[in-house]
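Protein chains in written order, with our numbering: chain A, 1 to 318; chain B, 1001 to 1262.
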């Protein structure tokens, strides 16, 4: 068990190194010179060269990467080109907001879709099946930005429950801030709740056709006790893996939802920084978001491994 | 005593009846072999006895009586009281027939958990005893293992232990040795013989392999395309098969083995 955890953590570190290297490389390869864009096209080239030297851009690629990496591990994310401030001071509070937003969305997905999946299995079918299916597909198809606009209008403008675009301070008015984030989380989670519910249901259906269910029935279980004592646990592993991947999708979608609802999270700042070629900021945000996604995947694997003893061998499913 | 009278089963998505008028009797303490190729209806017959037919997807008629109690037309809720108490079932693939995420001991004791009010410790004691009676080595250790940690033979022993733990009067064995290699197969057959002798448990042993049936069953019934084509004492049928299909089945056994057996 411990060995597996260590192995997983090792894989996490390697993945993070790769991600950071690739993002670093990406900015090396795309055109555009940060010093030039900071000084404007009319600046004399000796000034640009001086700034390049000041920013360390004249150093070789690998040396810069290495410096950045050691800085990152000692908590120094570099200085923003555009704001001339330490990157951490710029993104710290925004990171908190985005992480909170994704966590609330994730909690909504888990709390709602797992019981809904079981419910739709138990009481599915029948003459109203098509209503359930259509509603599920509708929810899956609603893009978060649209829900965002809708919620802003209904709850922001008509009922004035929250004020879109005017995000309350997280520490001074935590209640109001949470409410604001909650609406964002609703937008993010609706399509994924629909997907996870469907996934849960279809996993239960396919597990119910397995041979061990027949055995359980031959011992006197009814359908419900088969579900509770055998099938749910067996269905859980695929749902947990699915939820691990969902975390990545949630983060990608936060970028849009933060724009629509005026939530000052990382996503908005990321878009802005890319436009300004503020590489230290972009680099830091990408690596942190990637870490969050990889961490979710690792946790999902570790949870699955505690559910399914066959995974503890470190091998694949037989 | 199990009595089957004129059993018909037809699945809705098939044209032909899976079981077309089968009548069988298994006396107390008797092992009856049911032989036939795949699709002959032998497994469907067993599933009908075990109450595992998908009732909504098939039509069925006839009678199946276990000690006078109707199994074929009984309500689901009544059937569940018979499942795991009066009838135990052992299936072909022990690995897929076991819940991969539940410890072997709990699976062996599942029928006890459902049908009795025994506490955990009392159940465990019974499970260990049942495991000993199916000659599983080191039952205490096996109790806490997961199915994938056991060999195929051990898995099938555990499945047999699970089926006999409530001391049912009828044990249904649906190709229990087919997925196992030959030496393990022989051991399982010996075990079944022993259980039958010790507990006077009736058994229905289903196989496509006449040679295996011959080692275990005094009586045998041969099925083809849903019908019973021949029935009688195993030795007599071997020496003097009446139906051409039975002859073909016997001819299918390699000569060397046929001679060794006789």
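All C-beta atoms, glycine included, are put in the ideal place defined by N, C-alpha and C.
How big is the Cα-Cα spacing for residue i and residue j?
i: residue 1201 of chain B; j: residue 201 of chain A; result: 41 Å
i: residue 246 of chain A; j: residue 309 of chain A; result: 24 Å
i: residue 316 of chain A; j: residue 156 of chain A; result: The predicted position of residue 316 of chain A is uncertain, since its pLDDT is 42 and thus under 50; a value taken from the coordinates is nonetheless stated next. In a straight line, the C-alpha of residue 316 of chain A is about 49 Å away from that of residue 156 of chain A.
i: residue 145 of chain A; j: residue 187 of chain A; result: 7 Å
i: residue 1018 of chain B; j: residue 1054 of chain B; result: 13 Å
i: residue 153 of chain A; j: residue 30 of chain A; result: 39 Å
i: residue 54 of chain A; j: residue 274 of chain A; result: 21 Å
i: residue 1008 of chain B; j: residue 1246 of chain B; result: 22 Å
i: residue 1181 of chain B; j: residue 1072 of chain B; result: 34 Å
i: residue 103 of chain A; j: residue 58 of chain A; result: 41 Å
i: residue 222 of chain A; j: residue 302 of chain A; result: 32 Å
i: residue 282 of chain A; j: residue 270 of chain A; result: 6 Å
i: residue 1078 of chain B; j: residue 1130 of chain B; result: 26 Å
i: residue 139 of chain A; j: residue 1004 of chain B; result: 53 Å
i: residue 1244 of chain B; j: residue 1024 of chain B; result: 21 Å
i: residue 216 of chain A; j: residue 254 of chain A; result: 44 Å
i: residue 318 of chain A; j: residue 1153 of chain B; result: Since pLDDT at residue 318 of chain A reaches only 36, below the 50 mark, its modelled position is unreliable, and the value read off the structure follows with that caveat. One C-alpha to the other measures close to 18 Å.
i: residue 178 of chain A; j: residue 51 of chain A; result: 42 Å
i: residue 1132 of chain B; j: residue 1221 of chain B; result: 32 Å
i: residue 183 of chain A; j: residue 151 of chain A; result: 7 Å
i: residue 40 of chain A; j: residue 27 of chain A; result: 19 Å
i: residue 1051 of chain B; j: residue 1058 of chain B; result: 13 Å
i: residue 1224 of chain B; j: residue 1040 of chain B; result: 5 Å
i: residue 280 of chain A; j: residue 8 of chain A; result: 28 Å
i: residue 1262 of chain B; j: residue 1241 of chain B; result: Any reading at residue 1262 of chain B needs caution, since the residue's pLDDT is 45, under 50, leaving its predicted position unreliable; the model's value is listed next. If I take the Cα positions, the gap works out to 15 Å.
i: residue 65 of chain A; j: residue 56 of chain A; result: 11 Å
i: residue 38 of chain A; j: residue 63 of chain A; result: 23 Å
i: residue 298 of chain A; j: residue 101 of chain A; result: 20 Å
So, is the C-beta of residue i closer than 8 Å to a C-beta in chain A?
i: residue 1148 of chain B; result: yes
i: residue 1096 of chain B; result: yes
i: residue 1089 of chain B; result: yes
For residue i, would you say it is in contact with chain B, using Cβ-to-Cβ distances shorter than 8 Å as the test?
i: residue 114 of chain A; result: no
i: residue 304 of chain A; result: no
i: residue 230 of chain A; result: yes
i: residue 285 of chain A; result: no
i: residue 234 of chain A; result: yes
Quick one: list the residues of chain B neighbouring residue i, beta-carbon separation under 8 Å, in chain order.
i: residue 308 of chain A; result: 1100 and 1101
What residues of chain A sit near residue i, judged by a beta carbon separation below 8 Å?
i: residue 1084 of chain B; result: 218, 219 and 220
i: residue 1081 of chain B; result: 220
Under 9 Å between beta-carbons, which chain A residues line up against residue i? List them in chain order, please.
i: residue 1055 of chain B; result: Ordered by position in chain A, no residue passes the 9 Å Cβ test against residue 1055 of chain B, which lies about 12 Å from the chain.
i: residue 1093 of chain B; result: 211
Find the residues of chain A that neighbour residue i, judging by a C-beta separation of less than 7 Å, and give them in chain order.
i: residue 1205 of chain B; result: Simply none; closest approach about 16 Å.
Measure from the C-beta of residue i to each C-beta in chain D and report whether the shortest distance is under 8 Å.
i: residue 1156 of chain B; result: In summary, chain D is missing from the structure at hand, where the protein chains are A and B.
Compile a chain-ordered list of the residues in the stretch 199-227 of chain A whose CB is closer than 8 Å to at least one CB of chain B.
210, 211, 212, 214, 215, 216, 217, 218, 219, 220, 221, 222 and 225
At least three beta-carbon pairs within less than 8 Å, the stretch 1054-1066 of chain B to the stretch 1228-1236 of chain B:
no
Are three or more beta carbon pairs between the stretch 1009-1017 of chain B and the stretch 292-312 of chain A nearer than 8 Å?
no
Should the stretch 1205-1215 of chain B be regarded as contacting the stretch 1031-1044 of chain B, the criterion being three or more beta carbon pairs within less than 8 Å?
yes
Listed in chain order, which residues of the stretch 142-156 of chain A have Cβ atoms closer than 9 Å to some Cβ of chain B?
Within the stretch 142-156 of chain A, no residue has a Cβ lying closer than 9 Å to any Cβ of chain B.
Touch test, the stretch 279-286 of chain A against the stretch 235-243 of chain A, Cβ-Cβ under 8 Å, three pairs minimum:
no
Validate contact between the stretch 1160-1175 of chain B and the stretch 1098-1116 of chain B using beta carbons, cut 8 Å, 3 pairs
Under the Cβ criterion (8 Å, minimum of three pairs), the stretch 1160-1175 of chain B counts as touching the stretch 1098-1116 of chain B.
May I ask you to list, following chain order, the residues of the stretch 1035-1064 of chain B that have a beta carbon less than 7 Å from some beta carbon of chain A?
1050 and 1052
Whether or not the stretch 11-27 of chain A and the stretch 255-264 of chain A are in contact is what I'm after, with contact meaning three or more pairs of Cβ atoms, one per stretch, closer than 8 Å; do they touch?
no
Can you pull out the residues from the stretch 1109-1125 of chain B whose beta carbon lies closer than 9 Å to at least one beta carbon of chain A?
If the cut-off is 9 Å between Cβ atoms, the stretch 1109-1125 of chain B has 1110, 1111, 1113, 1114 and 1115 near chain A.
Cβ pair count under 8 Å reaching 3, the stretch 231-238 of chain A against the stretch 1097-1107 of chain B
yes
Does the count of Cβ pairs from the stretch 83-91 of chain A and the stretch 64-71 of chain A closer than 8 Å reach three?
no
Can we say the stretch 1080-1090 of chain B touches the stretch 1133-1152 of chain B, given the rule of at least three CB pairs closer than 8 Å?
Output reads no: the stretch 1133-1152 of chain B does not touch the stretch 1080-1090 of chain B.
At a cut of 8 Å, does the stretch 1117-1128 of chain B reach the stretch 1144-1153 of chain B through at least three beta carbon pairs?
no
Indicate whether the contact test is met: 3 or more Cβ pairs, each with one atom in the stretch 191-211 of chain A and one in the stretch 107-127 of chain A, closer than 8 Å.
yes
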